[in-house]
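Residue numbers (the numbering used here): 436 to 781.
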Amino acid sequence: MSQMSVSIRTRLLLSLALIFGLGAAISVACSGDDSDDALTMTYMAGFKEQANLPFVAVYVAEDQGFFADENLEVEIQHAGFTGAHKGLVLSGEVDITTLPASEMLQIRANTGAPYVAVMLFGQRGDFGYAVLDSSGIESPADFAGRDVGFKGIVQAEFHAMLSAHGLTTDDMNMIDVGFNPVVLVEQQVEVYPVFLSNEPDTLSRNLNQEITVFEAADYGVPTLGVVYLVSEEFLEDETNREKLTRFLRATVRAFEFSVDDPAAAIESTAKFLPEDPPPDLVHERFILDVEIENALSDLTRANGVGWFTQQQFRALTDVLLEYEALDGDIDLEAALDRSFLEDIHQ
Numbered sequence: 436m437s438q439m440s441v442s443i444r445t446r447l448l449l450s451l452a453l454i455f456g457l458g459a460a461i462s463v464a465c466s467g468d469d470s471d472d473a474l475t476m477t478y479m480a481g482f483k484e485q486a487n488l489p490f491v492a493v494y495v496a497e498d499q500g501f502f503a504d505e506n507l508e509v510e511i512q513h514a515g516f517t518g519a520h521k522g523l524v525l526s527g528e529v530d531i532t533t534l535p536a537s538e539m540l541q542i543r544a545n546t547g548a549p550y551v552a553v554m555l556f557g558q559r560g561d562f563g564y565a566v567l568d569s570s571g572i573e574s575p576a577d578f579a580g581r582d583v584g585f586k587g588i589v590q591a592e593f594h595a596m597l598s599a600h601g602l603t604t605d606d607m608n609m610i611d612v613g614f615n616p617v618v619l620v621e622q623q624v625e626v627y628p629v630f631l632s633n634e635p636d637t638l639s640r641n642l643n644q645e646i647t648v649f650e651a652a653d654y655g656v657p658t659l660g661v662v663y664l665v666s667e668e669f670l671e672d673e674t675n676r677e678k679l680t681r682f683l684r685a686t687v688r689a690f691e692f693s694v695d696d697p698a699a700a701i702e703s704t705a706k707f708l709p710e711d712p713p714p715d716l717v718h719e720r721f722i723l724d725v726e727i728e729n730a731l732s733d734l735t736r737a738n739g740v741g742w743f744t745q746q747q748f749r750a751l752t753d754v755l756l757e758y759e760a761l762d763g764d765i766d767l768e769a770a771l772d773r774s775f776l777e778d779i780h781q
């Protein structure tokens, strides 16, 4: 064989190898591995636009480019006062939403809704019980014989707090008051249930009242705040799991950003608030500061923000069972998935 024939044959083999190599590379790129592909996800906040930390984490992640860094496009929606998020996350129209841990447990236990919590914000609950300092009430023990407000239902955590002081709701006059703190100012009730990150500021700063707020957690009652949740069906799909991994990486980063620089977090949040009427950014900062404080604990400092344990949820479940908020026990193994946080914080 001539030297020229060998050279031509060599070039031909190299060309074929290059073609097959390119084909293999294209095959791998198109094989369904979406680890680098752009993905989209729908998030619905469980209330209106405001500076609750689970909402702020999304606003900051979007505004600071953390979602973009993950090659994730997030459609941000709000349920407002509708409660629609509870069903939309089950139907698949929404991928991830927010709900107080106690409510998530109740809905899952009482209706069978396959909710799965994947991140916890409040290491203690979101509710407290406000009294005017002029009322003479110095502890929950003084609720006896008083007019005590509740919002729709009397929470199991409230029953447990009373029990810690040897009381039941039979020892006081329970009044359904709705969501207007003015009823406390007008002394229609002497104890008013408040969302800790919201109404205390309204009462003290906007309504010029001197108040004290009691929390069940201060009396040994297990309480927890808001979770991010998805559905069991959502987690069965590998692409959805990749979406969730990216979403949680970005929101954990935004959570940490908000802790380090809450003023900058409020600047990001303001871009998502309605312009009419103009937002009260002092109030929004109050909301965020309270929720950051309640989201940090020895547990999160040791393991990372958003962390939770099955023991925390077991303790809360036991309170809900004791005061008949649950129709039956709940499979916490199925209701909780910490694996995403474990990978993020490793």
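Even glycine gets a Cβ: it sits at the ideal position worked out from N, Cα and C.
Those residues which DSSP pairs with residue i across a bridge
i: aspartate 582; result: Asn608
i: alanine 480; result: His513
i: tyrosine 564; result: Pro628, Phe649
i: isoleucine 588; result: Lys586
i: threonine 475; result: Glu508
i: valine 551; result: Val665
DSSP-derived helix/strand/coil call for residue i
i: leucine 642; result: coil
i: glycine 515; result: coil
i: glutamate 497; result: helix
i: isoleucine 531; result: strand
i: aspartate 772; result: coil
i: valine 661; result: strand
i: histidine 600; result: coil
i: leucine 708; result: coil
i: methionine 559; result: The sequence shown places arginine at residue 559, rather than the methionine named in the question. Residue state, collapsed to three classes: coil.
i: proline 575; result: helix
i: glycine 655; result: coil
i: leucine 731; result: coil
i: glutamine 747; result: helix
i: leucine 761; result: coil
i: glutamine 485; result: coil
i: glutamine 541; result: helix
i: aspartate 715; result: coil
i: alanine 700; result: helix
i: glutamate 777; result: helix
i: phenylalanine 490; result: helix
i: phenylalanine 614; result: coil
i: valine 740; result: coil
i: aspartate 636; result: helix
Beta carbon of residue i nearer than 8 Å to that of residue j
i: alanine 700; j: phenylalanine 692; result: yes
i: lysine 678; j: leucine 474; result: yes
i: glycine 481; j: leucine 534; result: yes
i: alanine 730; j: phenylalanine 501; result: no
i: isoleucine 722; j: asparagine 487; result: yes
i: glutamate 496; j: leucine 755; result: Reading off the sequence, residue 496 comes out as alanine, not glutamate. Taking 8 Å as the Cβ cut-off, alanine 496 and leucine 755 do not qualify as a contacting pair.
i: phenylalanine 775; j: valine 553; result: yes
i: arginine 736; j: threonine 658; result: no
i: leucine 670; j: valine 551; result: yes
i: proline 575; j: phenylalanine 690; result: no
i: glycine 655; j: alanine 599; result: yes
i: methionine 607; j: phenylalanine 578; result: yes
i: serine 703; j: glutamine 499; result: yes
i: valine 624; j: glycine 584; result: yes
i: phenylalanine 516; j: glycine 660; result: no
i: proline 489; j: tyrosine 758; result: no
i: phenylalanine 743; j: arginine 773; result: yes
i: valine 725; j: leucine 631; result: yes
i: glutamine 868; j: glutamate 719; result: Any question about residue 868 goes unanswered here, given that the chain covers just 436 to 781.
i: glutamine 745; j: leucine 761; result: no
i: valine 687; j: valine 740; result: yes
Beta-carbon contacts of residue i that lie in its chain and below 7 Å, excluding the five residues immediately before and after
i: glutamine 644; result: Leu567, Val620, Leu638
i: valine 665; result: Val524, Asp530, Ile531, Val551, Val553, Leu679
i: leucine 716; result: Ile701, Ala705
i: asparagine 738; result: His780
i: histidine 520; result: Met479, Gly481, Ala514, Val529, Thr532
Beta-carbon contacts of residue i that lie in its chain and below 8 Å, excluding the five residues immediately before and after
i: isoleucine 765; result: Leu540, Arg543, Ala544, Thr752
i: glutamate 508; result: Ala473, Leu474, Thr475, Met476, Phe502
i: proline 616; result: Ala565, Tyr627, Val629, Glu634, Thr637, Leu638, Leu642
Cβ-based neighbour list, residue i, same chain, cut-off 6 Å, excluding 5 preceding and 5 following
i: proline 714; result: Leu708
i: glycine 587; result: none
i: arginine 782; result: With the chain represented from 436 up to 781, any question about residue 782 goes unanswered, as that position is not in the structure.
Heavy atom of the ligand NAD within 7 Å of residue i beta-carbon
i: proline 616; result: Because no ligand of any kind appears in the structure shown, any question about the ligand NAD cannot be addressed here.
Please determine if the segment 665-680 and the segment 595-612 are in contact, where contact requires at least 3 C-beta pairs separated by less than 8 Å. no
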